[in-house]
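> Have a look at this one before I ask anything.
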Amino acid sequence: MHDLRADRDARRRALLARGNQHGDRGVGSGDRCLPVRHVHRRGLGRPRLGHALLVDVGREPVFPGHRDPPRVAAGPLDGLVPRERLAGAVAGGARGGTAGGPVETAGSRRGVQVIRTLDRLVASTYVRLFAIFVLSVPVMFILSDLSDRRGVYIDRELTDMEIGLGYLFMYPKFVLWSFPVAALVATVFTIHSMTVHREIQAAKAGGISFHRLFVPLWPIGAVLTVAAFMLGTIVPTTNRRAAEVLGERETRRDWRNNFVFQTEEGETFSIQQLLVSDGRGDWVLLEREDEDGSRLHVWARRAVYSEGEGWTLDDGYLRVVRPDGTEYTFSFESYLRPGLTPTPEQLIQDPRDEEEMGYEELGRQAAAVYRSGGDPKELLVAREQKLAIPAATLVIMLFGAPLATTAKKGGAAFGVGVALGSTLIYILLLRLFGAIGIAGGLPPVWAAWTPNILFFLVGAVLLIRART
4 MHDLRADRDA
14 RRRALLARGN
24 QHGDRGVGSG
34 DRCLPVRHVH
44 RRGLGRPRLG
54 HALLVDVGRE
64 PVFPGHRDPP
74 RVAAGPLDGL
84 VPRERLAGAV
94 AGGARGGTAG
104 GPVETAGSRR
114 GVQVIRTLDR
124 LVASTYVRLF
134 AIFVLSVPVM
144 FILSDLSDRR
154 GVYIDRELTD
164 MEIGLGYLFM
174 YPKFVLWSFP
184 VAALVATVFT
194 IHSMTVHREI
204 QAAKAGGISF
214 HRLFVPLWPI
224 GAVLTVAAFM
234 LGTIVPTTNR
244 RAAEVLGERE
254 TRRDWRNNFV
264 FQTEEGETFS
274 IQQLLVSDGR
284 GDWVLLERED
294 EDGSRLHVWA
304 RRAVYSEGEG
314 WTLDDGYLRV
324 VRPDGTEYTF
334 SFESYLRPGL
344 TPTPEQLIQD
354 PRDEEEMGYE
364 ELGRQAAAVY
374 RSGGDPKELL
384 VAREQKLAIP
394 AATLVIMLFG
404 APLATTAKKG
414 GAAFGVGVAL
424 GSTLIYILLL
434 RLFGAIGIAG
444 GLPPVWAAWT
454 PNILFFLVGA
464 VLLIRART
């Protein structure tokens, strides 16, 4: 044992002495040698290189007598590269390939497998978190709405079963509202979870950039956006059913102000005030456009309904506009309009709010209001928001991905705060620009889509500047 230890010490002293002969230039010949400062004493073991995972590609062996991987002839590799990556390339090249062309190596196949594994990890983590948040956040909306309207439901003498059924029909609406919130929170928590478990650091160490790491989120976001559009088509129906269950129709059963009703014949019936008990309407406007382009306008101070005859218009005038621009105007004291037979109960039993109408229905209603001389801006803004809010799911994902790289430094609580704060800012912008559009300051399309455009631009800048 003593002889073996003495032999090791002698070899180490000889190696160090050889390094001293080369001075600071290191061990080796010429300029292609590593500095001797990387060779240091560690107990009585063998000398080792400070960067044990790196090799000097295309140059002399660092230490004579030590086995280093051979050169790789598949391209100009300069400097130091990871030993494992080089070994994979060599092993793959030994199995065959075309000289001067791309060679499928064991390392490249392992790289593809790693990428696919990371894609599945990112996608599964995001989908799981999104499902949790998109199903749980509506409960918060329901509790908040219930706390505000509990007294109203008690006054209507609704049972707990009826209240629960009403909110069950309102659940799709709250889920649709939760899509942008859940998309942002799920993005932040996906990055936070991968940061805590060092998956992002491991991916970057393997040469995978931050942008490539989150590529799976974009097709998922596109699918979720389409799902939000599809959900938005059934929300008006469920909202109408919820209004019926919760007695929202009861409060307006005897009267209604400033509404437009479209008959089955396509005529637009606009009434400023309707009293169901009296069967009477004040300030009535009737409009119709024929197939030949002729337009009919009937205006009356009063309209009275009678069983079997329908509506009789009193004290007004009738105007016909031909396609060539010719106009005919007649005044009347009493005018019984044929085919105008909807009862007052039918006129009032289905008052459609904006949330109870779909995209196309809002467009028809806005056109009817415009033809009646009203202001359709509010309906047009609500119509465009039917598209803008579902599209915000993908936009907020783009905004949240680079934002989470900052939020990850503050932990989960900071991430939740950033996500909720960003969501509140989006909601405020949506309402602000919606009010501007209703007031006429912006076209309805710009009023609905400006928040999405702003978040998209900010998200694109953050994504470009994110550390990859």
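Counting in my numbering, the sequence shown runs from 4 upward without gaps. C-beta atoms are modelled at their ideal positions from N, C-alpha and C, and glycine is treated no differently.
Alpha carbon to alpha carbon, how far is D3 from V301?
Residue 3 is absent from the model: the chain starts at 4 and stops at 471.
> Using DSSP's beta-bridge definition, name the partner residues of I274.
I274 is bridged to F262, V287.
> Would you kindly check if the distance between the Cβ of A189 and the Cβ of V140 is under 8 Å?
No, the pair does not count as a contact, with Cβ atoms beyond the cut-off.
> Which word fits N455, buried or exposed, when buried means at least 16 other C-beta atoms lie within 10 angstroms of its C-beta?
With 16 or more Cβ atoms within 10 Å of its Cβ, N455 is classed as buried.
> Could you tell me which residues DSSP pairs with D317 in its beta bridges?
D317 pairs with R305, S337.
> With H, G and I counted as helix, E and B as strand and the rest as coil, what does DSSP make of L80?
Any answer about L80 is weak, because its pLDDT of 39 lies below 50 and its placement is not dependable; what the coordinates show is given next. In this structure, L80 counts as coil in the three-state DSSP scheme.
> Taking all protein chains shown into account, decide if G68 is buried (16 or more other Cβ within 10 angstroms of its Cβ) or exposed.
For G68, the predicted model reports a pLDDT of 46, less than 50, meaning its position is unreliable; a value from the coordinates is still stated below. Burial call: exposed.
> Report back the beta-carbon spacing between Y337 and D317 to the nearest angstrom; my notes put them in contact at under 8 Å.
Sequence inspection shows Ser at residue 337; the Tyr mentioned does not correspond to that position. The Cβ separation is near 5 Å, so the contact holds.
> Apply the 10 Å Cβ neighbour rule to E310 and answer buried if 16 or more other Cβ atoms are within range, or exposed otherwise.
Result: exposed.
> Comparing C-alpha positions only, which one of I430, A450, G437 sits nearest to S181?
Among I430, A450, G437, the Cα nearest to that of S181 belongs to I430.
> Could you tell me the distance, in whole angstroms, from the CA atom of L216 to the CA atom of M164?
Taking the straight line from one Cα to the other gives about 48 Å.
> Ignore the nearest five residues each way along the sequence and tell me which others in T240's own chain have a CB closer than 7 Å to its CB.
Within the same chain, T240 has no close Cβ partners at all.
> V178: which of P393, T193, L343, F272 sits nearest, CA to CA?
Selected option, being the one with the closest Cα: P393.
> Mind reading off the beta-carbon distance from L299 to R305? Whole number of angstroms is fine, and I expect it under 8 Å.
Rounded, the Cβ-Cβ distance is 19 Å, inconsistent with contact.
> Within 8 Å, do at least three Cβ pairs link the region 378-395 to the region 421-440?
Touching, yes, given that three or more Cβ pairs across the two stretches are closer than 8 Å.
> Considering only the beta carbon of each residue, do F192 and L132 sit closer than 8 Å?
Contact flag set, yes.
> When the Cα atoms are used, what is the spatial distance from P379 to A303?
Straight-line Cα distance between these residues: approximately 22 Å.
> Report yes if the C-beta distance between R322 and T332 is below 8 Å; otherwise report no.
In this structure, T332 lies closer than 8 Å to R322 by Cβ.
> According to DSSP, what are the bridge partners of H300?
Its beta-bridge partners are E290, R322.
> Specify the secondary structure class of E330 as computed by DSSP and reduced to three states.
Three-state DSSP puts E330 in a strand.
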